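Reading through the structure tokens given below for one structure.
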Amino acid sequence: MVDGGKIERTEDDDTREAMHELPYGIYVIGTADGGRPNAMIADWVMQVSFRPRLIAAAFERDSSSLARLRGHRWFTVNLLNQSGNGMALAARFVQPADASKVRGRSDEAAARHIDKLEGVDFRLSQRAPGCPILDDALAYLECEADEFVDAGDHVLVIARVLYGAPQNAGEPLTSTFTGWSYSG
Ligand SMILES: Cc1cc2nc3c(=O)[nH]c(=O)nc-3n(C[C@H](O)[C@H](O)[C@H](O)COP(=O)(O)O)c2cc1C
Numbered sequence: 003m004v005d006g007g008k009i010e011r012t013e014d015d016d017t018r019e020a021m022h023e024l025p026y027g028i029y030v031i032g033t034a035d036g037g038r039p040n041a042m043i044a045d046w047v048m049q050v051s052f053r054p055r056l057i058a059a060a061f062e063r064d065s066s067s068l069a070r071l072r073g074h075r076w077f078t079v080n081l082l083n084q085s086g087n088g089m090a091l092a093a094r095f096v097q098p099a100d101a102s103k104v105r106g107r108s109d110e111a112a113a114r115h116i117d118k119l120e121g122v123d124f125r126l127s128q129r130a131p132g133c134p135i136l137d138d139a140l141a142y143l144e145c146e147a148d149e150f151v152d153a154g155d156h157v158l159v160i161a162r163v164l165y166g167a168p169q170n171a172g173e174p175l176t177s178t179f180t181g182w183s184y185s186g
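In my numbering, the protein residues as written are 3 to 186.
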């Protein structure tokens, strides 16, 4: 609301800012569908059970990664590193695989499929068949989706952790470090 040229803060502004204060890790979730693997940046990833060891990750309903997961339920979670090329890797994975996901593009631009993994060093997981493990990830998990739960505008995927390993020294890339907010 505008009052004498001043925009008044609302309760929603307070809540959004409080949500921005929650710290998140910055992950690259790797999926496969029999063809070329895909990878997307995500920060809504957390452990939700010790025994069995389960994590949950929230996916946008129209992400191509979620569509892949519904067909091939394995995925990898790559935790990025603050040092080295962590920020550059993160920036690379923010775009969607299908350019049409970004509204307002021309038909020609929207028809493009982006291979975000081109030029990135990775190997394919055996336990999460065909899913990418990034060489420069601080640590990674290999997971198998158990449940798909509708959660507002996202779908929560609850998954078993089949295996995980730390693989590089460093500190985890976080939303506090990047200053990027996917929250609120
Ligand atoms: C910092 C950051 C964090 C993000 N976290 C998530 C997330 O937790 N879940 C999600 O579905 N999308 C998240 N996104 C958006 C996805 O990366 C984006 O929608 C992407 O287009 C999906 O890629 P895909 O279509 O190749 O699967 C995030 C984006 C940024 C920039």
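Cβ atoms here follow ideal geometry from the backbone N, Cα and C, with glycine treated the same way.
Computed from a prediction, not measured in an experiment: that's the story for all the values here.
Between Phe124 and Ile135, the CB-CB gap stays under 8 Å. Taking C-beta atoms as the reference points, Arg55 and Arg129 fail to come closer than 8 Å. When Thr178, Phe77, Asn40 are compared, the shortest CA-CA separation from Lys118 is found for Asn40. Distances between the C-beta of His156 and the heavy atoms of ligand 1 include at least one below 7 Å. Of the candidates Gly32, Gly6, Tyr26, Glu23, the residue whose Cα lies closest to the Cα of Cys145 is Gly32. Around the CB of Val30, 16 or more other CB atoms lie within 10 Å, so the residue is classed as buried. Distances from the CA of Thr176 to each of Ala90, Thr78, Pro25, Thr12 were compared; the closest alpha carbon is that of Pro25. For Met42, DSSP records a beta bridge to Ile31.
Separation of Ala34 and Gly154 (C-alpha to C-alpha, rounded to the nearest whole angstrom) is 25 Å. Under the DSSP definition of a beta bridge, Ala130 lacks any partner. Bridge partners of Gln49 according to DSSP: Ile57.
For Asp15, the uninterrupted alpha helix (DSSP H) segment begins and ends at 13-22. When the beta-carbon positions are compared, Tyr142 and Val47 stay at least 8 Å from each other. Restricting attention to Ala99, Glu120, Arg70, Gly27, the CA atom closest to the CA of Ala111 is found in Ala99. Residue pairing of Ala161 in beta bridges, as defined by DSSP: Ile57, Ala147. Beta-bridge pairing by DSSP links Leu136 to Phe124.
Here Leu81 carries a strand assignment [DSSP, helix/strand/coil]. Per DSSP, Ala99 lies in no alpha helix (DSSP H) and is assigned neither H nor E. Secondary structure of Ala69 (DSSP, three-state): helix.
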